[in-house]
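If you're matching positions, the sequence shown starts at 0 in numbering that gives the first Met the number 0 and goes up one per residue. We treat Cβ as the ideally placed atom computed from N, Cα and C, and that holds for glycine. Keep in mind the model is a prediction, meaning the values are calculated, not measured. First the structure, in the form of structure tokens, and then the observations on it.
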Amino acid sequence: MSDITERVQRIIEEKLGVDASEVKPEAFSYLQGFESRMEEIQKEELERKIMIIKAIHEYVTYSTAKFLTKENLLILHENIDHLASGQSDLYKPIRSKMETPLTSPSLRHFVWNIGERLGISLSERANFIKTIFPNELKNATLGYLVKNLKDTIHS
Numbered sequence: 000m001s002d003i004t005e006r007v008q009r010i011i012e013e014k015l016g017v018d019a020s021e022v023k024p025e026a027f028s029y030l031q032g033f034e035s036r037m038e039e040i041q042k043e044e045l046e047r048k049i050m051i052i053k054a055i056h057e058y059v060t061y062s063t064a065k066f067l068t069k070e071n072l073l074i075l076h077e078n079i080d081h082l083a084s085g086q087s088d089l090y091k092p093i094r095s096k097m098e099t100p101l102t103s104p105s106l107r108h109f110v111w112n113i114g115e116r117l118g119i120s121l122s123e124r125a126n127f128i129k130t131i132f133p134n135e136l137k138n139a140t141l142g143y144l145v146k147n148l149k150d151t152i153h154s
């Protein structure tokens with residue numbers, strides 16, 4: 000007997016004053032597909048998240064290859080995986096190329112995009128971008144970054 004069936008039987012006994020053992024098993028048939036449906040939902044959510052993260056990684060490579068070395072691009076991808084899994088303690092700082100530096104407005108827009116797709120709070124996004132790009136954002140406070148994360152770039 001499943002945990003849910005047992006709970007329903009307890010509720011029947013407590014609230015209705017009826018001996019649940021006298022209730023026909025067919026009365027619980029509406030719960031038969033519950034566990035399998037919950038597994039399906041969890042699987043669908045996981046597949047959806049995997050697709051989102053894959054799209055983010057494609058976007059990151061496309062939009063930052065010009066500004067980062069191959070090594071730093073790889074570290075950025077690792078940092079994004081840490082962001083997605085809530086492991087901010089594993090972030091590693093990187094730096095954009097001197098000849099093609101990333102600007103504060105571009106970085107704010109970049110992290111805004113990623114955060115929107117992952118459902119990450121503004122403060123977590125600000126911490127992420129400030130931690131991984133300390134040189135580019137050396138004059139920006141976390142408060143400033145939170146207030147100025149944008150979906151458009153204004154230079």
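{"Query": "Can you tell me whether glutamate 5 is buried or exposed? The criterion is at least 16 other CB atoms within 10 Å of its CB, across all chains shown.", "Result": "exposed"}
{"Query": "Excluding the five sequence neighbours on either side, which residues of its own chain have a C-beta within less than 8 Å of the C-beta of leucine 156, listed in chain order?", "Result": "In this structure the chain extends from 0 to 154, so residue 156 is not present and cannot be described."}
{"Query": "Determine, using beta carbons only, whether tyrosine 90 and leucine 82 come nearer to each other than 9 Å.", "Result": "yes"}
{"Query": "Using C-beta distances below 7 Å, list every residue in its chain close to isoleucine 55, excluding the 5 sequence neighbours before and after it, in chain order.", "Result": "Ile79, Ile113 and Arg116"}
{"Query": "Where do the ends of the alpha helix (DSSP H) carrying alanine 83 lie?", "Result": "69–83"}
{"Query": "Would a C-beta distance cut-off of 9 Å place isoleucine 74 and isoleucine 131 closer than the cut-off?", "Result": "yes"}
{"Query": "Secondary structure at threonine 99, three-state DSSP: helix, strand or coil?", "Result": "coil"}
{"Query": "Where does glutamine 31 fall in DSSP's three states?", "Result": "coil"}
{"Query": "Which one of Arg107, Glu135 and Asn134 has the shortest CA to CA distance from lysine 146?", "Result": "Arg107"}
{"Query": "Which first and last residues belong to the alpha helix (DSSP H) in which isoleucine 128 is found?", "Result": "121–131"}
{"Query": "Measuring only the C-alpha atoms, how far is isoleucine 40 from lysine 53?", "Result": "20 Å"}
{"Query": "Straight-line CA distance for isoleucine 10 to serine 35?", "Result": "23 Å"}
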